[in-house]
Amino acid sequence: MTESRTAKYKVITDDVGYRFIFYCDISDAHVCTTSRIYHGNSEKEALLVAWQTEGREHFNRCHKCGRWVIDAVYNAEVLECVECAPYEAEPKYCKNCGTKIEGYFKICSCCGKKLIYEGSAASNDTKGSV
Amino acid sequence: MTQRVRFKNLERFGFGPNVMKKLRVCSRCGQIVRSRAKTCFDCGERLPKETLFDRYKRKHLKCQNCDTVLTADSLYCSNCGNLLIKGEKTI
Numbered sequence: 001m002t003e004s005r006t007a008k009y010k011v012i013t014d015d016v017g018y019r020f021i022f023y024c025d026i027s028d029a030h031v032c033t034t035s036r037i038y039h040g041n042s043e044k045e046a047l048l049v050a051w052q053t054e055g056r057e058h059f060n061r062c063h064k065c066g067r068w069v070i071d072a073v074y075n076a077e078v079l080e081c082v083e084c085a086p087y088e089a090e091p092k093y094c095k096n097c098g099t100k101i102e103g104y105f106k107i108c109s110c111c112g113k114k115l116i117y118e119g120s121a122a123s124n125d126t127k128g129s130v
Numbered sequence: 131m132t133q134r135v136r137f138k139n140l141e142r143f144g145f146g147p148n149v150m151k152k153l154r155v156c157s158r159c160g161q162i163v164r165s166r167a168k169t170c171f172d173c174g175e176r177l178p179k180e181t182l183f184d185r186y187k188r189k190h191l192k193c194q195n196c197d198t199v200l201t202a203d204s205l206y207c208s209n210c211g212n213l214l215i216k217g218e219k220t221i
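Residue numbers (the numbering used here), protein chains in the order written: chain A, 1 to 130; chain B, 131 to 221.
Here it is in structure tokens:
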């Protein structure tokens, strides 16, 4: 997992300090521009304060790849971004062996694999794979 | 819970495919714009045709038969049972 401490950003520097613009790591959408000017010994230091104060609250962190994304591209059901975990419909067939599924089951009765991805944390605990 | 209800519930909180279908991102300034708009209300740039949902579909494996978005490890479509031909991953 390549975890970054903040989302993508641009910095606006002037004599007084720094302002930051944060972007979604997947969609490249402009999410927020800090409303105040941040000071620090370095840009990095100011960035972390700005992120904690104003940026962080607008983002979700993917529990698999560690990217910071907006709500629209976040699969809230498995706490991962939609690139790591696409939305899955209620399965009618097993995605591994193609057996028809009658009713709602989590595991395929034929091959024993998971029918729905439940997130990377859940797949570490059980037999099924992503 | 049916898929439709599930996605509606997600939409209420700003998540899910229905939300992605309604949004586009300006390639110049990154502004999030409703998919009906033709130009960015912030910088005036012409918006890309692709919504966030189109981009999402492009990144994933899709069933050639019913167009369902599938996880990368799928061998069969979980919606129609079609055997997937790997290598024709994305369009």
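We treat Cβ as the ideally placed atom computed from N, Cα and C, and that holds for glycine.
Assigned secondary structure, Glu80/A (DSSP; H/G/I helix, E/B strand, else coil): Here residue 80/A is taken as the residue at index 80 of the first sequence, counted from 1. The answer is strand: DSSP assigns Glu80/A an E or B state.
So which residues of chain B does Tyr74/A contact, with C-beta pairs closer than 7 Å? Locating residue 74/A in the first sequence gives position 74, where the first residue counts as 1. The answer, in chain order, is Phe145.
Where does Asn96/A sit, in a helix, a strand or coil, going by DSSP? Here the question's residue 96/A lines up with position 96 in the first sequence. The answer is coil: DSSP assigns Asn96/A none of H, G, I, E or B.
Can you tell me whether Thr126/A is helix, strand or coil according to DSSP? As a first step, residue 126/A is located in the first sequence; it is residue number 126 there, counting from the start. Residue placement at Thr126/A is flagged as unreliable, the pLDDT there being 46, under the threshold of 50; the coordinate-derived value follows with that caveat. When DSSP states are grouped into helix, strand and coil, Thr126/A belongs to the coil group.
Closer than 9 Å by beta-carbon distance: list the chain A residues that pair up with Val155/B, in chain order. On the second sequence, residue 155/B is found 25 positions in, with the first residue counted as 1. Correct list: Cys24, Ser27, Asp28, Ala29 and His30.
Please confirm if Lys189/B has its CB atom under 7 Å from at least one CB of chain A. Within the second sequence, numbered from 1, the residue matching residue 189/B stands at position 59. True, the Cβ-Cβ gap to chain A drops below 7 Å.
Could you give the DSSP three-state label for His63/A: helix, strand or coil? In the first sequence, the residue the question calls residue 63/A occupies position 63. The answer is coil: DSSP assigns His63/A none of H, G, I, E or B.
When the Cα of Arg158/B is compared with those of Cys170/B, Pro147/B and Arg164/B, which residue comes out closest? Here the question's residue 158/B lines up with position 28 in the second sequence. Selected option, being the one with the closest Cα: Cys170/B.
Extent of the continuous beta strand (DSSP E) to which Lys10/A belongs: Here residue 10/A refers to the residue found at position 10 when the first sequence is read from its first residue. For Lys10/A, the enclosing beta strand (DSSP E) begins and ends at Lys8 to Thr13.
Check each residue of the segment 73-101 of chain A: if its Cβ is closer than 8 Å to any Cβ of chain B, include it; give the result in chain order. With the criterion set as a beta carbon lying under 8 Å from some beta carbon of chain B, the members of the segment 73-101 of chain A are Val73, Tyr74, Asn75, Ala76, Glu77, Val82, Glu83, Ala85, Pro86, Tyr87, Glu88, Ala89, Glu90, Pro91, Lys92, Tyr93, Cys94, Lys95, Asn96, Cys97, Gly98 and Lys100, in sequence order.
Checking 7 Å against the spacing of the C-beta atoms, do Ala46/A and Thr34/A come in under that value? Looking up residue 46/A in the first sequence gives position 46. Looking up residue 34/A in the first sequence gives position 34. Against a cut-off of 7 Å, the Cβ pair of Thr34/A and Ala46/A comes out as no contact.
Distance, Cys62/A Cα to Ala7/A Cα: Walking along the first sequence from the start, residue 7/A turns up at place 7. Walking along the first sequence from the start, residue 62/A turns up at place 62. Cα to Cα, the separation comes out at about 11 Å.
Nearest CA to the CA of Gly55/A: which residue from Ser42/A, Thr99/A and Phe22/A? Residue mapping note: residue 55/A aligns to position 55 of the first sequence, counting from 1. Among Ser42/A, Thr99/A and Phe22/A, the Cα nearest to that of Gly55/A is on Phe22/A.
Does the beta carbon of Gln133/B come closer than 7 Å to any beta carbon on chain A? Within the second sequence, the letter at position 3 stands for residue 133/B. Cβ-Cβ to chain A under 7 Å: yes for Gln133/B.
Give the residues of chain A in contact with Asn209/B, contact being defined as C-beta atoms less than 7 Å apart. As a first step, residue 209/B is located in the second sequence; it is residue number 79 there, counting from the start. By Cβ distance, chain A contributes Ala89 and Lys92.
Secondary structure at Asn195/B, three-state DSSP: helix, strand or coil? By 1-based counting over the second sequence, the position of residue 195/B is 65. It is coil, neither helix nor strand.
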